[in-house]
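Enquirer: Here it is: the structure, laid out below.
Numbering (my numbering), first residue to last: 14 to 164.
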């Protein structure tokens, strides 16, 4: 598998992210959906990575700068046919290394509280993320959980 920074200009990644947003809308109330669209992911404060296997997109993830020392993990997604195959672990390890290299001291995230998101929460726990209060512009939400990790 190959992980690389993506400029989000290709139709394959646009479709992959469209499916991500569609899936999130099917399991999360609209007022609790925090997935970024393509325009938001193209902003200068966001670094976006794509994971490819034999040229096919199998995963993605991003880091959004909140301030000089704190960033947010965004848009983590594994292709449905590749869940539980190590894609997310490989990508998360890469993102943690890159976030530290970029000078961040803390990486935080928001994910769903529903059972659908249990595997994601388990992955983040495995990588040392701990539950925390809402951060940045987030507010308490029964559909969301917040996690953070010092780098």
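Note that the Cβ used here is the ideal one computed from N, Cα and C, for glycine as well.
Within the same chain, show all residues whose beta-carbon is closer than 8 Å to that of residue 106, passing over the 5 residues directly before and after it, in chain order.
Expert: Excluding sequence neighbours, residue 106 sits near 140.
Enquirer: Along the chain, which unbroken stretches of the alpha helix (DSSP H) at least 4 residues long are found entirely within the stretch 44-110?
Expert: 51-54
Enquirer: If you measure between the beta carbons of residue 164 and residue 134, is that distance less than 8 Å?
Expert: Cβ atoms of residue 164 and residue 134: not closer than 8 Å.
Enquirer: With H, G and I counted as helix, E and B as strand and the rest as coil, what does DSSP make of residue 137?
Expert: helix
Enquirer: Residue 123 and residue 157 - do their beta-carbons sit closer together than 8 Å?
Expert: Yes. Within cutoff.
Enquirer: Within 8 Å, do at least three Cβ pairs link the stretch 90-101 to the stretch 53-61?
Expert: With fewer than three CB-CB distances shorter than 8 Å, the stretch 53-61 does not count as touching the stretch 90-101.
Enquirer: Please identify the residue among 50, 81 and 121 whose C-alpha is closest to the C-alpha of residue 148.
Expert: 121
Enquirer: Should residue 87 go down as buried or exposed, given a rule of 16 or more other Cβ atoms within 10 Å for buried?
Expert: buried
Enquirer: Just verifying my parser: in three-state terms, what is the DSSP assignment at residue 30?
Expert: Residue 30 falls in the helix class under three-state DSSP.
Enquirer: Specify, as a first and last residue, the run of the beta strand (DSSP E) that residue 123 falls within.
Expert: 119-125
Enquirer: Is the distance from the Cβ of residue 75 to the Cβ of residue 54 below 8 Å?
Expert: Yes, these two residues count as a Cβ contact at 8 Å.
Enquirer: Just to confirm my understanding: we take residue 116, look at its own chain, exclude 5 residues before and 5 after, and list those with CB closer than 8 Å. What are they?
Expert: 81 and 82
Enquirer: In three-state terms, what does DSSP make of residue 130?
Expert: Here residue 130 sits in helix by DSSP.
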